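As structure tokens, the structure follows; a few thoughts come after it.
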Amino acid sequence: MDKRLLLDARTLQIMLDRLCHQLMEDHGDFSQTRLIGLQPRGSLFAKRLQQRLCHFTGKAIPLGLLDVTFYRDDFRRRDEPLVASVTDIPFDIEKKKVILIDDVLFTGRTLRAGFDALLDFGRPEQVQLLCLIERKFSRHFPIEPDYLGQSVHTLNTQKVVVSWAESEGQDSVWLLSR
Amino acid sequence: MQNESLSVRHLISIRDLSIADIELIFRTADQFKEVINRPIKKVPSLRDITVANLFFESSTRTKLSFELAEKRLSADVVNFSASGSSVSKGETLIDTVNNILAMKVDMVVMRHPSPGAPVFLSRHCSAVIVNAGDGAHEHPTQALLDAYSMRETHGSLQGLKVAIIGDILHSRVAMSNLFCLRKMGAEVLLCGPKTLIQRPLLQQPDILISHNTEEALRWCDVAMVLRIQLERQNTRFFPSQREYARVFGINRALLDKVGKPITIMHPGPINRGVEITSEVADGPGNIILDQVENGVAVRMAALYLLAGQIRIPDTA
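Chains V and L are the protein sequences, given in the same order.
Numbering of the first sequence is given in my numbering, commencing with residue 1 and proceeding in unit increments.
Numbering of the second sequence is given in my numbering, commencing with residue 179 and proceeding in unit increments.
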């Protein structure tokens, strides 16, 4: 397995801060904004983003975690069903501006399921998508992020892995090839 | 993201399940419990699955619970009950089921008065079978939801002391609970009149037995009270219901005398004033309605995990 570093900790931090400033530009005082991280990996990214936003704005913007396992379109098409993670959305999303957060945007199928899952909690005024990494030319659905860290060119056989200090010991993004 | 699946294709007996299977069902039920408390309590997972609920014996809460679980998973549901069907015209079980399966049913949830009917069915038809109670043999989803409720209240089943009190002899719930709780590391004590406990169980050295309700209550953390199943008793096992209530029934005064917190459970339906007084059934420590709520989540988990193994043709 060949492993190539895409982003180191410093670049990742700069990118995170840039995304925070873009959000601050668009979302004003964040009073109507709610952050929702897609489980399992997007929620780690979302928690970090929430911390940085708090650092810049002094506000703890409400953060929820959403698991999409029961909404996936590959149920009964995999050898074994996926095990669901926790969903915890401790606020009402009705008429709110929701920012869905995931670490890697690949085929768009997880996010397609995410939209279905999200709407079971109410009708937000607006849903935006924030991703750290987008894998180009690999989408199965017409889904594009509103806020993006970086686009990368990858082969379908490759894998993009985002590591966080909290779970893996270091902040970094890697491209793995077989 | 982890992949995991059950080691069984059908859910017929707790004895077929591994500890890992039961833990997987519990973890999945945790997520479904959150789903059924959402504004929209429904997920689309089973939208291309058809489930037949075949109830050859009367049932209120199990049937409702299964039906709700199926509908909240978006499955198509057909219901069948023995009364008013061709069964009363002399049709055999396998003919009834094959006719229903010819209508392209993927899963069958069955309650039947004969022990072993679900095993028989699983050997002769292609659908996934879920046992919703077969005679006095097993009622696996009830045991799973009971164990799940205990885990929720006490954190873990390991070392938990559970007294099953009442009509053990006629109870499939008692059997499934005994298997499930012991498998998960809990200690189980069976308590009831000698006439209402199976003789083979009385003779097993590793099964705790008591014929004294007070003694059982002093020992346990959880008291699971069972109904006296009068409809299954064609001979007299005790002199009268009044005497049963006096000797084996659980009331406030008895719990006060024991003087420690005990979780009170009952799979329903309750005969108030016989095995348990209203004061106890509705009083502190009772989780009887939590059991009912958890029933839907646990059944959703079992159906979801079983359905996940039914592969869509051409995708294998």
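C-beta atoms are modelled at their ideal positions from N, C-alpha and C, and glycine is treated no differently.
Just so you know, these numbers come straight off a predicted model, no measurement behind them.
Against chain L, the CB of V:A84 has a partner CB under 8 Å away; the residue lies at that interface. Under the DSSP assignment, L:V213 falls outside any beta strand (DSSP E), being part of the alpha helix (DSSP H) whose first and last residues are I197 to V213.
A Cβ of chain V is located within less than 8 Å of the beta carbon of L:S183.
For L:S327, no beta strand (DSSP E) encloses it; the enclosing alpha helix (DSSP H) starts and ends at P318 to H332. Looking at the DSSP output, V:E134 bridges to V:L105 and V:S151.
In the three-state DSSP reduction, L:F415 falls in the coil class, being neither helix nor strand. Taking the beta carbon of V:G42 as reference, no residue of chain L falls within 9 Å; the closest one sits roughly 11 Å away. In the DSSP assignment, L:N449 forms no beta bridge with any residue. With respect to the C-alpha of L:I490, the residue from L:R225, L:I197, L:L202 and L:G370 having the closest C-alpha is L:R225. Shown in chain order are the members of the segment 209 to 231 of chain L whose Cβ falls below 9 Å from a Cβ of chain V: Q209, F210, E212, V213, R216, P217, I218, K219, K220, V221, P222, S223, L224, D226 and I227. For L:G333, the closest Cβ of chain V is not nearer than 8 Å.
Sequence-distant Cβ neighbours of L:C398 in its own chain, meaning closer than 8 Å and more than five residues away, are K339, V340, A341, L367 and I440. Look at the beta carbons and you see the segment 23 to 34 of chain V not touching the segment 185 to 202 of chain L: under three pairs across the two are nearer than 8 Å. In terms of beta-carbon proximity, V:D103 stays away from the interface with chain L, with every pair separated by 8 Å or more. Here the C-alpha atom of L:E316 lies approximately 15 Å from the C-alpha atom of L:R477. A check of alpha carbon separations from L:Q336 across L:D384, L:E182, L:I197 and L:D254 identifies L:I197 as the nearest.
Note that the C-beta distance between V:T107 and V:H140 is below 8 Å.
Distances from the CA of V:V160 to each of V:S167, V:R48, V:L175 and V:H21 were compared; the closest alpha carbon is that of V:L175.
The three-state secondary structure of L:E393, taken from DSSP, is helix. With a contact defined as Cβ atoms closer than 8 Å, V:L130 and V:D146 qualify at about 7 Å.
Taking the Cβ atoms as the reference, V:R34 lies roughly 7 Å from V:G64, within the contact range of under 8 Å. Each residue's CA atom was taken as its position, placing L:P371 and V:L38 some 55 Å apart.
The alpha-carbon separation between L:E453 and L:E330 amounts to approximately 25 Å. The shortest C-alpha to C-alpha distance from L:R414 to any of L:H348, L:M281 and L:V474 is the one to L:H348. Sequence-ordered contacts of the segment 191 to 205 of chain L with chain V read L202 and R205 [C-beta pairs closer than 8 Å]. The three-state reading of DSSP puts V:H27 in helix, counting H, G and I together. DSSP places L:F233 in the strand class (E or B) of the three-state scheme.
For L:R377, no CB of chain V lies under 8 Å from its own CB, so it is not counted at the interface with that chain.
At a C-beta separation below 8 Å, V:G122 has these neighbours in chain L: P217. By DSSP's assignment, L:V286 forms a beta bridge with L:A230 and L:I307.
As the crow flies, the alpha-carbon of L:T391 is around 50 Å from that of V:G122.
About 19 Å separates the beta carbons of L:R420 and L:P447, which is beyond the 8 Å limit, so they are not a contact pair. Non-local C-beta neighbours of V:R10 in its own chain, meaning closer than 8 Å and more than five positions away in sequence, are absent. Under the Cβ criterion of 8 Å, V:R109 is not counted among the residues facing chain L.
In this structure, DSSP gives L:D399 a state outside helix and strand, which the three-state scheme calls coil. For L:A295, the three-state secondary structure derived from DSSP is helix.
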